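Notes follow the structure.
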Amino acid sequence: MPVRAVAILVLCNVVWALNVVVSKIAVDQLGAPPLAYAFARSALVMIVLLPLLRPLPSGLGRIMLVGLAISGGSFALLFMGLETASPSSAGVVSLSGAPMTVLFAILFLGERVRWRRGLGIALAFGGVSISVMSDSALEAGPGLMLVFASAAVGALGSVFVKRIEISSIRLQAWAAVASSVVLLPLSLAIESDQLAAFAREPLLLAGCVIFAGLVVSVGAHTAYFRILQENDTNAVVPMTLLTPLFTIALGAWLTGDPVGYRLLLGGAIAIAGVAIILIRPSDTFTKRFLVRSRL
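Whatever position you read off the sequence shown (first residue = 1), add 97 for the numbering used here.
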């Protein structure tokens with residue numbers, strides 16, 4: 098790849114990793130209700146990408162279901178988990194999305210897995226298991242279970258992306274619509290004092306929402322998909338494995354995450370497993386959502 102493309106991909110990874118840290122600050126330190134925060138992010142993306150909703154695509158129901166899974170649904174679970182989980186441990190647990198994508202493809206699409214990808218799946222899950230055995234991760238057990246659920250929902254949606262006929266940027270637009278429609282009533286039913294929470298720190302939370310909606314979802318993902326169009330997928334997608342590394346580093350730096358040897362060892366093993374999965378071809382699902390399963 099050209100140096101410029103590599104530099105943009107590295108910057109995208111930094112932005113994606115920083116989003117986990119920013120979201121942790123928003124829902125934990127600033128007290129934003131996770132579902133309300135996820136709705137605000139989706140609503141902003143929907144407003145910005147509003148012109149892309151026309152004309153109506155065929156198979157709109159399936160598009161919105163897939164979009165909900167890889168956008169607001171998985172993000173809402175991630176934000177709920179980040180209330181107690183650290184960004185570093187959440188970044189490692191999110192790696193379980195790649196092996197789960199393969200498992201869902203086996204279950205729903207008839208994907209065949211030989212011993213190499215089987216080894217990758219085992220290493221990925223094994224590495225995540227080692228990471229969650231660290232003391233800090235054990236304390237955030239319920240939160241990490243929500244992060245794992247987030248990865249599962251994103252993986253389930255990403256399996257079916259190849260089955261819908263729509264461009265990546267238009268998928269983002271309709272995913273934002275589906276997420277907004279679901280998350281707003283869900284937040285109103287489950288959470289309370291949403292407006293009061295945003296009124297306490299309006300500028301900081303507005304900055305978090307703008308970062309998550311515009312910089313991450315619109316900016317970084319648009320750049321990522323453009324580079325995918327211009328370069329070999331096998332060269333681009335493995336670089337997304339930098340995200341968990343940056344997440345651990347930024348979590349330790351910005352939020353003081355405790356980073357012990359179990360987290361580092363487990364993360365390294367999980368990354369090795371996901372790397373094996375990434376380099377093996379698949380005819381049933383698209384590679385570009387293996388690691389980046391959230392829009």
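All residues carry an ideal CB built from backbone N, CA and C; glycine is no exception. Source: prediction; values computed, not measured.
Check, Outcome
"8 Å CB neighbourhood of A360 in its chain, flanking five on each side removed", "The sequence shown places Leu at residue 360, rather than the Ala named in the question. Same-chain partners within the cutoff: S185, S186, V189, S228, S231, S233, A234 and I345."
"Minimum length 4: unbroken alpha helix (DSSP H) runs contained in the stretch 313-392", "318-327, 330-333, 339-351 and 358-376"
"Spatial distance of V278 from A182 (CA atoms)", "27 Å"
"Start-to-end residues for the alpha helix (DSSP H) that takes in K121", "V100 to K121"
"Burial state of I287, where buried means 16 or more other Cβ atoms lie within 10 Å", "exposed"
"Exposure of I373, with buried meaning 16 or more beta-carbon neighbours within 10 Å", "buried"
"3-residue-minimum beta strand (DSSP E) runs that sit fully inside the stretch 181-269, ordered along the chain", "none"
"Best match in A102, R391, A104 and V100 for proximity to A252 [C-alpha to C-alpha]", "R391"
"Spatially closest choice to I203 from N328, V256, P299 and L146, by CA coordinates", "V256"
"Span separating the alpha-carbon of F386 from that of K259", "10 Å"
"Buried or exposed by the 16-neighbour rule on C-beta atoms within 10 Å, applied to Y321", "buried"
"Contacting residues, own chain, Cβ-Cβ under 7 Å from V313 (five flanking each side not counted)", "V112, W113 and N116"
"Cβ separation of G357 and P341, assumed to be a contact under 8 Å, to the nearest whole Å", "Not quite, the Cβ-Cβ distance comes to about 16 Å (not below 8 Å), so this is no contact."
"Test item: CB-CB of S193 and A219 under 8 Å", "no"
"Cβ-Cβ distance between L283 and L175 below 8 Å", "no"
"Proximity winner among A367, S379, G370 and T337, relative to R389 (alpha-carbon distances)", "T337"
"C-alpha distance - G370 paired with E208, whole-angstrom precision", "18 Å"
"Local conformation of R297 per DSSP, three classes", "helix"
"Counted within 10 angstroms of its Cβ, other Cβ atoms place I368 as buried (16 or more) or exposed", "buried"
"Under 8 Å between C-beta atoms of M146 and I324", "Here residue 146 is Leu; the residue named in the question, Met, does not match the sequence. No; because the gap between Cβ atoms is not below 8 Å, this pair is not in contact."
"Three or more C-beta pairs below 8 Å linking the stretch 241-250 and the stretch 286-306", "no"
"Euclidean distance between Cα positions of G376 and P335", "A quick correction: the sequence has Ile, not Gly, at residue 376. If I take the Cα positions, the gap works out to 8 Å."
"Run of the alpha helix (DSSP H) containing A135, from where it starts to where it stops", "P131 to V145"
"Classification of I54 by the beta-carbon crowding that lies within 10 angstroms, buried from 16 upward", "Residue coverage of the chain in this structure runs from 98 to 392, which leaves residue 54 outside it and unanswerable."
"Where P196 falls, given that 16 or more other Cβ within 10 Å makes a residue buried", "buried"
"Reduced DSSP secondary structure (H/G/I, E/B, other) of G169", "helix"
"Cβ shell of A173 (< 7 Å), same chain only, five flanking positions each side left out", "P131, L132, A135 and L280"
"S155 - DSSP class collapsed to helix/strand/coil", "coil"
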